[in-house]
Each structure stands twice: as C-alpha cells, then as structure tokens.
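A.B. asks: Residue numbers (my numbering), protein chains in the order written: chain V, 66 to 421; chain A, 194 to 589.
The beta carbon of each residue, even a glycine, is placed where N, CA and C say it ideally should be.
Provided herewith is a single structure, encoded as structure tokens, for subsequent inquiry.
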C-alpha cells in the first residue's frame, strides 16, 4: 500500500518509516512544520520542529531512498493547538496539547490530506499497539503513548499504523543504530514542543499578561494571598503557592475560577477527588454498553485507577475506586479495558468537566 | 524521468565534462611563478578571454567567483560600501522586489546592519520594471548607492530591458547591477552594449559546473571586496583560482551562447506546446508572467524555457509531490531552509494573491528537453490537478 510516514526528525518516527519500507510498502516521508519560528536549534532534549529536526528527518528519508517533503501546518497548529492551549489555561482548565495535536493535526489535517492525495495509511512512531482496529498500550510501559492517542475515532484508527507498539524504546534505538541512523542517539523530546525552554508559566505570562487575583483558603473563605495569573496554577498543585495558611498542614490548589481570578486552596482531604463528570465522550471502537467497569487514566503518565462509568446528560460520570488528587477540568479521562496479555485496550476518552 | 527543472540546474554539457576532466589531473596554482603555475594561469586566462568574448565584456572585467549567490552579494554589498565611502549620503538601494534572494537578502542585511535604506520598485503585473518607474525612484540619484534589477526572472521568466534601465540610472550617475543568471544562454546578453556596471552569471544554469560563476565588473566600477587574501581577481575577490571549474564555466558559456538562437527556438516551441496542451487538459490554468510571445526590444520578453502556471484550488506542493511520484520533476517557488514551500515572493510582488501564488508550479525546459517530456506532463496533469484540488492543505 501507499504509506505516508510522518517524520519528526526523532528516532521513533525514523524507525517506524524504516519498518514500513521493510514491509514492502511504497513509503513517502513528510515532516510537519508546526512552529512559526523555525530558526530555533534544539538544545538538549527539548523542543521539536526546528530546522535541525527537519534536516534529521530528511537525512533518514534519503538513506531509506524514499521521497521526502515538508508540509507547512504552522497556521493550523497555531490555531488548533497553541491558541487552544492558551485559551484553555485562560479559562481555568488544564489542556493536553499532544492529545489535541493528534486529534486535530496528525490524524485529521495530515491524515485527510494523505488520503485525498492517494495514500492508504499514515505511519507514525507512536508507542502504542494497534491491530484489528484495537488500540492498546505499548509493551514498553514507560514509553506508552496510548493516552495521547485515546481521542482517535475508528475512522482515524483505520488509516493509522503504529509499528513500534510491540517493542521497547531500547529496541527502537538498537534498530536505528544497526541501520546507521544518526538519530539513533538523539535525546527523547518531551515537554511541550512549542515551549522549548520548558517554562510553561513564562510562556503563558507572555501570552496572557499579568492578571492578578486572590488566593482563598477554602476552609475559612479568607484571602490568604495574591497571584499574578490563574494560569500559573494547576489543580492539585502543592508547591509554589506563595501563601501560608493558619496551620502547618500542606495546602493544594482545589479550584481555579477564571472570571473572579480566584485560586482556591485547601487541605489534602479537600483536594481528594472521588468522582469525575465529563463532556461528550469519543470511542476508539463501538460505543461500550454503560454502566461498565474500566480503568481510567487522568493524565499522561498517570496511574490507571479502577472505576465505574455511567452515562449522565450526554457526558460520563466516572466513579473512582481510589480517590485521586490533581484532577483538573480540561484534562482527558482515557478509559482502558485491562488486558495483561495483549495490552490494556483504549476504550475511549472524554474531557474532565467537574472533579469532586 | 522527466526533468523539467532546468532553471534550478541543467545537466553538464559533454564538452564541459571533457574539458574539466582534462584539468582536474593537473598540478599548478595559477598564482605560482614556476612552469606549472604558468600553465595553470595560461588556461585560466584563456578561459577568462573566452567567457568575456561570449558575453561582450573585456577580459579584465571578468571576476571569477563561487557562483551566482557570491556574485550578487559581492556586487550589492561591495558597490554599496565603495559608493558610500566615497560619499556618505549615498545610502539608498533601489531594487526590484522580484529579485532572487541572493540580492534581496543582501539588501536586507545592509538595511539591518549597515544603515542602508531601500526603495522597492513597483513591478508590472508581468514582472517587468519600467524605465520611467526606475527614473522616478532614483530621483536626482545623489543619495543612491546602487540599483539592481535582474535581467530575467528565475521564477516567472520575465525579461527586463536592461539597456534602457541602465541608461536611466546613468543619467543620474547611479551604477547598476543586474543578476543575469537565468538570462545568459537563453537571451542575448551583451555586457558592454547593455551599459550595466556589474553583471552576475553562473555556470550550472547553462551546462557548466556548480560552484563556478563570475561577476562582470566594469573597470571604473568601485567595489569593496568581501574576501580578502591573495589579491586575485583585481584584488576584489581573493582566493586560489579553481582552474578546472573556470575552464568548465568558460566552455559552457561559450557553447550555450553559441547555440543560443537555435536552442531558444527549439525550447520555445516545446514550451509553447506544453502550455497549450496543459491548458487543454486543465482549462482554468493561469499563465504567470509575460505572454509566451512577448517581445521586448527586438528579443523575447520571456525566457523561452519558462512555463510558470497556476492551478486554482490546488496547492503547489501537493502538485509537485504528485508529479514527483509520477517521475516528473518541476518546482514550486522557493523553499526555505527547512524545506517549507512558501508562496512565491515573486508572484506576490507582481500583485498575485496568496492563493494564486500557492497554487503555482514552474516547469523549466532546457538543452536536454524533448517532445516526450512534454507528452509525459500532458498525460498526467489532468488527474494530478484534480487530486490536488481534493486535498487542500489544512485550510478551511
């Protein structure tokens, strides 16, 4: 088949493209230009989408002997991912931009364009298993990326291919080294690609400016401090609150109210969440019969928690078996069906609206 | 393979390959005083004379460089510096916005780092600069360091009346540079008759090697060097002469210029058929630049090998990729260093909207082009455009 390989310039997508070539497919490499300022060169492990990454991807494509192009999706990425990220924080929510990018860019704009150009599938270097339309965790638990793919629909998954889900990251690097790819030892990228210095608070401050407001203790209703912007806080945050309450017990962020710019803090007990209400869910396959018991993961690299899932007003009510801290509106609640043998299956996801 | 990107680079001529191969095995620095050095110098100087003759220049006006980009940088920066040093009020550059980036970015560098000012010339929809427009922009010329207008545009192929423009510039005492990289070998280029003070040309666009070019510079033109060192090339461009490359450049230029009229007629006919038959397949195809049969000062007003077309509703980079997959090689506008296809600055400069600029492709024909190349494009262009139209790039 004709396969479009999305090549970030990293080791994972390089090996994914190589495996697609090995499998005998007609492969074309594409690097997505997502950043509007592409002159930045990578330092250390941070950031992606720089000129250097584009060059690294092209080097691999040339070694594989496949055509390679750069697609400029910066405008669309800025609107759908970066601006969304800022708007979500401004509204007091905590978004996951990688999940949004998969939903709106990689498996929407890019996939749609690939299919209209005559490709049959898009192959990426994501660490997740996908076979028979079922999306599962990677065999490498530490590198598993199924959480940020949980938003994909059956139609999107039908044209996706993740050849790395069945191997560890270590093995991926070995394959790259065996093939002599210069990216074999390239550091992993993490953090948020459009905030290469890792300073999310600084990035938001530049975009949103100073928006001071009160920090209120939930127990007493008293204002115990001031802050420069609610975007500097996330639900469940303990450090850097800059306030001292009456007693020595640690305080956590309980809530962010963007209109009055109020950050509410409270004790560990008050921060505990036993139940999550969500918006409209998406499913990776046929919608499950609810109520049902699943495991839910509430953030990237979060620990899965057993839960009961019910339908409420078009959204979901997720009752957690163990109470959790740091569940923020805007985060994705990804549901898994546990399966130790084949990998936990991703059932679907929905955005957290209320956590209590 | 159907190669229709001769404006990017064109295959080396067999006689060039032979002449260069002969030189590559020889020892000798053209600056050395012994027999080997003298032999190398003799070959280099013969090449200089041959190149000069082909382009209507005197041998002493030929400065060998590393190619078009270097020649453009040397002319724009070097003449600006020399002219301003002679008179501090000469800080203004008068330039066409449809120039190659080697000129544009040199100008912008001077503006940013060296206190230069720039006046961008209004461009005709065809891509041409009218002499009266240049005259108006120059004013009395007293504050102008240099004007630069390309002989023929690399993207849309429009030819300028360089002699008329140079006359206007000289009337107010302003020197003129022209980038003739695309023009040499395609239209009549006579340095002396044109009156320009500096002219950029390069080898690999006309069958010579890459990395070899020249700046033709009048003896009375002041130009501050970019490269300092051994004092070669009138002290304006230091560096050991690359004799093999220089021989290749001279043989290619003399050959291309000698065969120009016949080649232009053949290539022009192929190009005309290409445009005609593509239009028959895709009726709303738009031709960018001057009309195919445009005439300027008795010669062609458009490069005979250039077909620059827009396909409304299709993205240029999708078209390029689909054609590439079918063995047809052409080009969109310019790509940035990261490889991102950008809307052509040339089309934007001639007043095209972003949509038309993004939907364009350049087919450029050259000395190896055949009827079969044209057939190959005509056979697939209909379905390719249709497919590209269905695949808008992430735009709503």
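Pull out every residue of the region 146-178 of chain V whose Cβ sits closer than 9 Å to any Cβ of chain A, in chain order.
C.D. replies: 170, 173, 174, 175, 177 and 178
A.B. asks: I want to see whether chain V comes within less than 7 Å of residue 194/A, judged by CB atoms only; does it?
C.D. replies: Here residue 194/A refers to the residue found at position 1 when the second chain is read from its first residue. Interface with chain V (7 Å Cβ-Cβ cutoff): residue 194/A is excluded.
A.B. asks: Provide the residue(s) that pair with residue 344/A in DSSP beta bridges, ordered along the chain.
C.D. replies: Walking along the second chain from the start, residue 344/A turns up at place 151. Among the bridge pairs identified by DSSP, residue 344/A is matched with none.
A.B. asks: Along chain V, which residues have their Cβ under 7 Å away from the Cβ of residue 554/A?
C.D. replies: Against the second chain, residue 554/A aligns to sequence position 361. Chain V residues near residue 554/A: none, gap ~14 Å exceeds 7 Å.
A.B. asks: DSSP on residue 414/V, reduced to helix/strand/coil?
C.D. replies: Counting from 1 along the first chain, the entry for residue 414/V is found at position 349. Residue state, collapsed to three classes: strand.
A.B. asks: Buried or exposed: residue 292/V, going by 16 or more other Cβ atoms within 10 Å of its Cβ?
C.D. replies: Mapped onto the first chain, residue 292/V falls at position 227. Under this definition residue 292/V is a buried residue.
A.B. asks: Regarding residue 404/A and the ligand SAM, is the C-beta to nearest heavy atom distance less than 6 Å?
C.D. replies: The ligand SAM is absent from the structure shown, which contains no ligands of any kind.
A.B. asks: Any idea what DSSP makes of residue 306/A, helix, strand or coil?
C.D. replies: What you label residue 306/A is simply residue 113 of the second chain in a count that begins at 1. Here residue 306/A sits in helix by DSSP.
A.B. asks: Between residue 132/V and chain A, is any beta-carbon pair separated by less than 7 Å?
C.D. replies: By 1-based counting over the first chain, the position of residue 132/V is 67. Chain A contact via Cβ: present.
A.B. asks: When the cut-off is 7 Å and only beta carbons count, does residue 514/A lie next to chain V?
C.D. replies: Numbered from its first residue, the second chain carries residue 514/A at position 321. With 7 Å as the cut-off, residue 514/A counts as an interface residue toward chain V.
A.B. asks: Please name the residues in the region 71-105 of chain V whose beta-carbon is closer than 8 Å to at least one beta-carbon of chain A, in chain order.
C.D. replies: 93, 96, 98 and 103
A.B. asks: Would you say residue 182/V lies against chain A (beta-carbon separation less than 7 Å)?
C.D. replies: The residue labelled residue 182/V in the question sits at position 117 within the first chain. Chain A, which has a Cβ nearer than 7 Å to the Cβ of residue 182/V, makes this yes.
A.B. asks: Give the DSSP-derived three-state secondary structure of residue 477/A in the structure shown.
C.D. replies: Counting from one through the second chain, the residue named residue 477/A turns up at place 284. In this structure, residue 477/A counts as coil in the three-state DSSP scheme.
A.B. asks: Alpha helix (DSSP H) containing residue 268/V: first to last residue?
C.D. replies: On the first chain, residue 268/V is found 203 positions in, with the first residue counted as 1. First-last of the alpha helix (DSSP H) with residue 268/V: 265-273.
A.B. asks: Tell me where the alpha helix (DSSP H) around residue 538/A begins and ends.
C.D. replies: Translated into the one-based positions of the second chain, residue 538/A becomes position 345. Run containing residue 538/A: 538-542, per the alpha helix (DSSP H) assignment.
A.B. asks: Could you have a look at residue 294/A and say whether DSSP puts it in helix, strand or coil?
C.D. replies: Counting from one through the second chain, the residue named residue 294/A turns up at place 101. Helix, per DSSP.
A.B. asks: By a C-beta neighbour count over all protein chains shown, 10 Å radius and 16 as the cutoff for buried, is residue 497/A buried or exposed?
C.D. replies: For this step, residue 497/A is matched to residue 304 along the second chain. Its Cβ being crowded by 16 or more others within 10 Å, residue 497/A is buried.
A.B. asks: Sorted by chain position, which residues of the same chain lie with C-beta nearer than 7 Å to residue 359/A's C-beta, five sequence neighbours on each side aside?
C.D. replies: For the purposes of this step, residue 359/A is taken as the residue at position 166 of the second chain. In chain order, 369, 387, 388 and 389 place their CB closer than 7 Å to the CB of residue 359/A, counting only its own chain and leaving out the 5 sequence neighbours on each side.
A.B. asks: Looking only at its own chain, which residues have a Cβ that is under 8 Å from the Cβ of residue 403/A, when we skip the five neighbours before and after it?
C.D. replies: The sequence position of residue 403/A within the second chain is 210, counting from 1. If we look at residue 403/A and ignore the five residues flanking it on each side, its Cβ neighbours are 202, 260, 396 and 397.
A.B. asks: When the cut-off is 7 Å and only beta carbons count, does residue 546/A lie next to chain V?
C.D. replies: Along the second chain, read from residue 1 onward, the residue named residue 546/A stands at position 353. With 7 Å as the cut-off, residue 546/A does not count as an interface residue toward chain V.
A.B. asks: Cβ atoms of residue 355/V and residue 385/V: under 7 Å apart, would you say?
C.D. replies: Indexing the first chain from 1 puts residue 385/V at position 320. Indexing the first chain from 1 puts residue 355/V at position 290. Not a contact, by the Cβ cut-off of 7 Å.
A.B. asks: Report the neighbours of residue 511/A on chain V: residues whose CB is nearer than 8 Å to its CB, in chain order.
C.D. replies: One-based indexing of the second chain puts residue 511/A at position 318. Simply 178 and 182.
A.B. asks: Report yes if the CB atom of residue 283/V is closer than 7 Å to the CB atom of residue 319/V, and no otherwise.
C.D. replies: For this step, residue 283/V is matched to residue 218 along the first chain. For this step, residue 319/V is matched to residue 254 along the first chain. In this structure, residue 319/V lies closer than 7 Å to residue 283/V by Cβ.
A.B. asks: Where residue 164/V and residue 396/V are concerned, what is the direct C-alpha to C-alpha distance, given to the nearest angstrom?
C.D. replies: The residue labelled residue 164/V in the question sits at position 99 within the first chain. The residue labelled residue 396/V in the question sits at position 331 within the first chain. The alpha-carbon atoms of residue 164/V and residue 396/V are separated by roughly 10 Å.
A.B. asks: Which residues share a DSSP beta bridge with residue 257/A?
C.D. replies: For the purposes of this step, residue 257/A is taken as the residue at position 64 of the second chain. According to DSSP, which records beta bridges pairwise, residue 257/A is partnered with 407/A.
A.B. asks: Taking 7 Å as the CB-CB limit, is residue 517/A close to chain V?
C.D. replies: As a first step, residue 517/A is located in the second chain; it is residue number 324 there, counting from the start. Chain V, which has a Cβ nearer than 7 Å to the Cβ of residue 517/A, makes this yes.
A.B. asks: Report yes or no: is there a C-beta of chain A within less than 7 Å of the C-beta of residue 419/V?
C.D. replies: Counting from 1 along the first chain, the entry for residue 419/V is found at position 354. Residue 419/V does not count as touching chain A.
A.B. asks: Looking at the unbroken beta strand (DSSP E) that takes in residue 446/A, where does it start and where does it end?
C.D. replies: Numbered from 1 along the second chain, position 253 holds the residue referred to as residue 446/A. Unbroken run through residue 446/A is the alpha helix (DSSP H), 436-451; no beta strand (DSSP E).
A.B. asks: Can you grab the Cα-Cα spacing for the pair residue 125/V / residue 246/V, in whole Å?
C.D. replies: Position 60 of the first chain, counted from the first residue, corresponds to residue 125/V. Position 181 of the first chain, counted from the first residue, corresponds to residue 246/V. Their backbone Cα atoms lie some 7 Å apart in a straight line.
A.B. asks: Mind checking whether residue 72/V and residue 94/V have CB atoms under 7 Å apart?
C.D. replies: In the first chain, counting from the first residue as 1, residue 72/V sits at position 7. In the first chain, counting from the first residue as 1, residue 94/V sits at position 29. Yes, they are a contact pair.
A.B. asks: Could you name the residues that DSSP lists as bridge partners for residue 292/V?
C.D. replies: Here residue 292/V refers to the residue found at position 227 of the first chain. Looking at the DSSP assignment, residue 292/V forms a beta bridge with 278/V.
A.B. asks: Where does the unbroken alpha helix (DSSP H) through residue 80/V begin, and where does it stop?
C.D. replies: Position 15 of the first chain holds residue 80/V. Residue 80/V -> alpha helix (DSSP H) spans 76-87.
A.B. asks: Answer yes or no: do residue 372/A and residue 343/A have a C-beta to C-beta separation smaller than 7 Å?
C.D. replies: Translated into the one-based positions of the second chain, residue 372/A becomes position 179. Translated into the one-based positions of the second chain, residue 343/A becomes position 150. A contact, by the Cβ cut-off of 7 Å.
A.B. asks: Taking the straight line between their C-alpha atoms, what separation do you get for residue 88/V and residue 344/V?
C.D. replies: Start at 1 with the first residue of the first chain, and residue 88/V comes out as number 23. Start at 1 with the first residue of the first chain, and residue 344/V comes out as number 279. Cα to Cα, residue 88/V sits roughly 40 Å from residue 344/V.
A.B. asks: Note down the Cα distance separating residue 336/V from residue 299/V, rounded to an integer number of angstroms.
C.D. replies: Counting from 1 along the first chain, the entry for residue 336/V is found at position 271. Counting from 1 along the first chain, the entry for residue 299/V is found at position 234. About 12 Å.
A.B. asks: Please check if any C-beta of chain D sits within less than 7 Å of the C-beta of residue 436/A.
C.D. replies: The chain labelled as chain D is not found among the protein chains of the depicted structure, namely V and A.
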